[in-house]
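Numbering (this note's numbering), first residue to last: 10 to 322. Think of the CB as a built atom: it goes at the ideal place given N, C-alpha and C, for glycine as much as any other residue. Bear in mind the structure is a predicted one, so any value in this text is a computation, not a measurement. For reference, the structure is listed below as structure tokens.
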Ligand code: AKB
């Protein structure tokens with residue numbers, strides 16, 4: 010049977026790249042993109058699109074009844090920095106959105122669901138370097154708390170109701186097709202835009218704040234690979250650590266400067282520093298390697314070259 014896919018939150022940073030990749034693999038008409046945002050014809054001309062709020066259970070029911078998805082990618086969420094400004098709204102969207110989507114999947118016999126977690130599930134007393142899959146997790150942001158609770162519900166829905174949820178803990182994601190919105194790692198995308206516009210960048214994190222990051226192509230590959238892997242390979246039913254590259258703003262700025270001589274960075278630290286300080290600086294992803302063959306392709310140099318080339322086109 011042909012796969013029918015629904016992406017919830019398709020207008021976001023991950024959704025934009027994921028939609029393009031899934032449509033090229035499965036055909037435009039087999040991938041329905043949905044988002045709370047109104048999309049203009051530059052998006053709706055690319056394939057089926059529907060405005061949809063994931064918290065609206067009746068609307069979800071209508072869309073699922075009509076399109077009969079076999080796979081669902083649920084990406085709609087509020088990221089770390091915005092959720093700290095609106096904690097209650099962040100919690101409601103991230104949790105209630107997840108429940109309404111998981112329940113709709115159960116009601117409509119959806120074969121598989123992808124739900125993204127984040128490195129934000131870790132906290133200040135988590136081992137910072139090479140953070141293992143299983144360790145102390147004490148997130149102190151509302152986003153991290155909602156993601157850790159969400160992971161427990163992935164495991165619960167799988168064991169209690171048999172819902173085949175797949176999940177990975179995204180690090181900061183760096184891509185050129187869409188801007189991130191409201192995250193702590195957003196500087197690592199913004200810096201490329203400002204480098205090309207002004208040849209300088211003012212960073213809101215300290216120069217030596219090392220965080221786990223990943224080029225978007227690797228993240229999309231990981232997302233699709235885990236969702237399509239045979240069920241017996243998925244041994245962790247909460248969420249998998251995955252790792253790409255780890256770097257701090259100064260190292261990234263140096264790598265950009267190599268490609269764009271004269272590029273400079275300065276620093277104006279804000280509230281996001283506190284969030285970054287509570288997260289790991291690098292991630293151990295041995296379980297993802299051995300269970301479903303995860304392997305990233307982009308290192309820092311390749312990513313910088315690709316970002317600058319794509320954005321200047
Ligand atoms: C954020 O910064 O909030 C996200 C994330 C690491 O999940 N990019």
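- Annotation for residue 205: the continuous alpha helix (DSSP H) segment containing it runs 196-207.
- Residue burial is scored here from C-beta neighbours: residue 22 has at least 16 other C-beta atoms within 10 angstroms and is therefore classed as buried.
- Inter-segment contact for the stretch 134-148 and the stretch 93-103 is absent: fewer than three beta-carbon pairs are separated by less than 8 Å.
- For residue 308, there is no enclosing beta strand (DSSP E), as DSSP marks it with neither H nor E.
- Residue state for residue 298 is assigned as helix, using DSSP reduced to three classes.
- For residue 20, no beta strand (DSSP E) segment is defined, and its DSSP state is neither H nor E.
- Separation of residue 200 and residue 137 (C-alpha to C-alpha, rounded to the nearest whole angstrom) is 25 Å.
- In its chain, beyond the 5 residues on either side, 132, 133, 287 have a beta carbon closer than 7 Å to the beta carbon of residue 149.
- The alpha-carbon of residue 59 is positioned some 25 Å away from that of residue 230.
- The three-state reading of DSSP puts residue 44 in strand, counting E and B together.
- Shown here for residue 272: same chain residues with a beta carbon closer than 6 Å to its own, the five before and five after excluded, namely 204, 208, 265, 266 in chain order.
- Distance between residue 218 and residue 38, taken at the CA atoms: about 43 Å.
- For the options 238, 269, 282, the alpha carbon positioned closest to that of residue 314 is the one of 269.
- The secondary-structure analysis by DSSP pairs residue 60 across a beta bridge with 44.
- When DSSP reads this structure, residue 169 sits in no beta bridge, so it has no partner.
- Straight-line measurement puts the Cα of residue 83 at about 12 Å from the Cα of residue 20.
- In the DSSP annotation of this structure, residue 116 is not part of any beta strand (DSSP E); the continuous alpha helix (DSSP H) holding it starts and ends at 106-116.
- By the neighbour-count criterion, in which 16 or more other beta carbons inside 10 Å mark a residue as buried, residue 106 falls on the buried side.
- With a cut-off of 6 Å, the C-beta of residue 151 is classified as distant from ligand 1, since no heavy atom of the ligand falls inside that distance.
- The Cβ atoms of residue 221 and residue 292 lie closer than 7 Å to each other.
- Taking C-alpha positions only, residue 185 is separated from residue 170 by approximately 38 Å.
- If the five residues before and after residue 258 are omitted, its C-beta is found closer than 7 Å to the C-beta atoms of 196, 212, 214, 216, 218, 274, all from its own chain and listed in chain order.
- Residue environment: residue 161 is assigned as exposed (fewer than 16 neighbouring CB atoms within 10 Å of its CB, all protein chains considered).
- The C-alpha of residue 128 lies about 16 Å from the C-alpha of residue 91.
- With respect to the 7 Å criterion, residue 235 and residue 177 are classified as neighbours on the basis of their beta carbons.
- Around residue 89, the same chain offers 129, 150, 152, 192, 193, 284 as residues with beta carbons nearer than 6 Å, after the five sequence neighbours per side are excluded.
- Per the C-alpha coordinates, the member of 311, 295, 319 positioned closest to residue 141 is 295.
- For the 7 Å CB-CB criterion, residue 164 and residue 247 form a contact.
- Straight-line measurement puts the Cα of residue 280 at about 37 Å from the Cα of residue 53.
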